[in-house]
Amino acid sequence: MSTKKSAAKPVKRAATQPVTAKDNFKSMLIENRVFKPSAEFSKKARISSMAQYKRMHAESIKTPDKFWAREASELFWQKKWKKVLEWKAPFAKWFVGGSINVSENCVDRHLTNGRKNKAAIIWEGEPGDSRTLTYQQLHHEVCKFANVLKSHGVKPKDRVLIYMPMVPEAAIAMLACARIGATHSVVFGGFSSESIKDRLHDCQAKIVVTADGGYRRGSLVALKKNVDEALRDSASVERVIVLQRTKQEVTMQDGRDFWWHTECSKVSAACPAKGFDSEHPLYILYTSGSTGKPKGILHTAGGYLTGTYCTSKYVFDLRDDDIYWCTADIGWVTGHSYIVYGPLANGATVVMYEGAPNWPEPDRFWDIIARLRVTILYTAPTAIRAFIKWGDEWVKKHDLSSLRLLGSVGEPINPEAWMWYHKMIGGGRCPIVDTFWQTETGAIMISPLPGATPTKPGTATLPFFGIDAAILDEDGKEVGPDQGGKLVVRKPWPSMLRTIFGDTERYKSAYWGTYKGIYLAGDGARRDKDGNFWIVGRLDDVLNVSGHRLGTAEVESALVSHEAVAEAAVVGRPDEIKGQAVVAFVTVKEGYKTDAELIKALKAHVGKVIGAIAKPDDIRFTGALPKTRSGKIMRRLLKEVVSGGLVKGDTSTMEDLSVLAQLAASNGKDDE
Ligand code: PRX
């Protein structure tokens, strides 16, 4: 792997200035640094120029059926589809009449294409143990576990709830479900028994697959115990299959609970992959909206696999010799699409790590990359900001020269975090793909293509092939450059959600109720003059200050660009004169004093970066921000804090939000 520092070149230096837009939804953080892919990267990439991207994108929008049919044909179909798309808004059917087995595509296919003995999963446990599964070995394990599920009465469309640590068996269980047509619903291993209970109840799972426990920051997580509690009053669950991971003590209920290894020893390793209808339900994954109970997002076989396969191929430009590492947990959609289905459908080698990034020390990730010679790293801004806070010396201890591509997902990445990622981790040579997508979209929607797209820190840039993304105003009219509005998708795409499990009305109103036949992502965004999409935050996080709408993400990015700031969250507080006042919660880096002087400096800094309008009225320092398990800041809780609830007098500038964070984490809420 070359370490030549020729890649991403800044074309222009930053200049931040307010934009005047006719619309009152202003986007004021302007980032002008442009990084082009290096000639060396482009030369080898599948999509190697903007001209090629533009041509293919235009074609894919004009004749989407043709584009998606070509992509889908690269997969193995037991029976070919009759029609690419049947669209009766808002209900889509993709590859109508086609028959496919998702597990066969992710595993069996590679037994005959030269990848049989290639590593499919390189796994590392938190305590330091490790395993590598070749495609052949993965096939063996998947078939066995599929037979175990069958032996316990699991039939196509039955729901299987998976509550596992980050071990290969989590992926094996998912692929085993897919193999026999069962619908899995993975619940993040960090969620509480209450969350399992709600999800079990909603999807009416027949079987739970779990482990005795898992490792997290040196401690044991009691997974089986949480399942036991969740099952106390569950009527639907008949069996629990328990993987032995930690060997901690667990209670096994006779007739209900079975050990994974014992059950696997009883079944054969022959489990031919039967084809299922392209629209067969593959999985349900719960995610929350701004209000109400979590939504069970339903994805189906053929379209979802086509979307994740195709985006993995182009966005990560996956190569046979890549060592690809997505650091997400399998309990999130990123883990589904970009640890399991997308990369494995491409025959990639995937790294999977069980534990915390700072265990035993804050350099665990860098140590893994250096040892395994990881070439592609896909992680989240929240992790990047944590690394920045922990200090550069942890990174500098390791040789990261194997990396060739970096990815980001989950929230807007602050330009300063982007620059740090680019320089410190990417050594200035790796393109960064900032990928915008959602649990609902199933696959990446807006992202640079690493060999083609010039990137700017903080933007996910341009829509992927076949994705007709736009920004609309209240009346459904497309807005002009640098004007804010609502991010939508005007055409169906294969990996889109099909419905909310058990709640079609909510599906219709949440995503299709605002503009007829158009998908509402729920994010505020703007496009710059080059057409790049800048996500400014969820629509309900948008502030309205003196008649100007401001995205919280922009103010946060401005704060984070100050040298003292590690992380920031911004919310609005009702204000008689301005409509809303801007309140910022800030955590500082090691060694900075949280005093009145810093408050003054930060206000001035935001004023300088964005403009006076965005200056926080109130800055509160805190040791930690309340976050969801996936690392998203829970602004809803912060709003409650600023509107009275938990504030104890205004004299102190120090707020203890760690209690709130713990509360939020322990009840497993994953609201924005
Ligand atoms: O607000 C956007 C933000 O995360 C939301 C989707 O969250 P979730 O369904 O949990 O999926 C996360 C992983 C795909 C979006 O509505 N988001 C995700 N990626 C980005 C982003 N915001 C800005 N830039 C991104 N790259």
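Just so you know, we're using the working numbering here: the sequence shown kicks off at 1 and counts up by one. The C-beta atom is built at its ideal place from N, Cα and C for all residues, glycine as well.
Check                                                                                                                                                                   : Outcome
Given K144, which residues of its chain have a CB within under 7 Å of its CB, disregarding the five upstream and five downstream residues?                              : C264, V267 and A269
On the CB-based measure, 16 or more other CB atoms within 10 Å of its CB, does G347 come out buried or exposed?                                                         : buried
Identify every residue that forms a DSSP beta bridge with G214.                                                                                                         : V221
Can you find the residues in the same chain that come closer than 6 Å, C-beta to C-beta, to V250, ignoring five residues on each side of it along the sequence?         : D212 and K224
Are G485 and R526 close, meaning C-beta to C-beta below 9 Å?                                                                                                            : yes
So what does DSSP say about A469, is it helix, strand or coil?                                                                                                          : strand
Rounded to a whole number of angstroms, what is the C-alpha to C-alpha distance between T499 and K88?                                                                   : 13 Å
Please tell me whether R216 and E104 are closer than 9 Å, where the distance is taken between their beta carbons.                                                       : no
Measure the C-alpha to C-alpha separation of P457 and I207 and round it to an integer number of angstroms.                                                              : 45 Å
What three-state label does DSSP hand I339 in the structure shown?                                                                                                      : helix
Across the stretch 557 to 576 and the stretch 501 to 515, are there enough close Cβ pairs to call them in contact, namely three or more that are closer than 8 Å?       : no
Taking 9 Å as the threshold (C-beta atoms), are I297 and Y314 in contact?                                                                                               : no
Can you tell me which of K529, G537 and P463 puts its alpha carbon nearest to the alpha carbon of A58?                                                                  : P463
Grab me the residues of P362's own chain with a C-beta within less than 7 Å of its C-beta, minus the 5 sequence neighbours each way, in chain order.                    : W390 and W394
Can you tell which of A417, I368, T379 and R385 has its C-alpha closest to the C-alpha of S401?                                                                         : I368
Considering Cα atoms alone, identify which of G466, P431, A443 and R538 is closest to L449.                                                                             : P431
CA-CA distance, V409 and G331?                                                                                                                                          : 15 Å
Determine the contact status of F465 and G302, defining contact as a CB-CB distance below 9 Å.                                                                          : no
With a threshold of 16 other CB atoms inside 10 Å of the CB of P127, please say whether the residue is buried or exposed.                                               : exposed
Quick check on C271: does DSSP put it in helix, strand or coil?                                                                                                         : coil
Less than 7 Å between C-beta atoms, sequence neighbours within five positions excluded: which residues of the same chain meet that for D65?                             : V84 and L85
Compare the C-alpha of S195 against each of A176, A230 and V237 and name the closest.                                                                                   : A230
Shorter than 8 Å, the distance from the beta carbon of P412 to the closest heavy atom of the ligand PRX, or not?                                                        : yes
Roughly how many whole angstroms lie between the Cα atoms of L220 and A173?                                                                                             : 22 Å
DSSP state of A119, grouped into three classes?                                                                                                                         : strand
Buried or exposed for Q580, please, with buried defined as at least 16 other CB atoms from any protein chain shown within 10 angstroms of its CB.                       : buried
Can you name, in chain order, every residue of its own chain whose Cβ lies under 6 Å from the Cβ of K615, other than the five neighbours on each side?                  : K603, V606 and G607
Entirely within the stretch 330 to 392 and at least 3 residues each: give me those beta strand (DSSP E) ranges in chain order.                                          : 349 to 353 and 376 to 379
Is S495 near G442, with beta carbons less than 9 Å apart?                                                                                                               : yes
Per the DSSP calculation, R538 is bridged to which residue(s)?                                                                                                          : D523
Would you list the residues sitting across from D257 in a DSSP beta bridge?                                                                                             : V240
Do the CB positions of D434 and G451 come within less than 9 Å of each other?                                                                                           : no
Can you list, in chain order, the residues of its chain with a C-beta nearer than 7 Å to that of N226? Leave out the 5 residues immediately preceding and following it. : S192, S193 and I196
Using DSSP with H/G/I as helix, E/B as strand and the rest coil, what is I673?                                                                                          : Residue numbering for the chain in the displayed model covers 1 to 672; residue 673 lies beyond these limits and cannot be assessed.
For a test of the three-state rule: what should DSSP assign to E474, helix, strand or coil?                                                                             : coil
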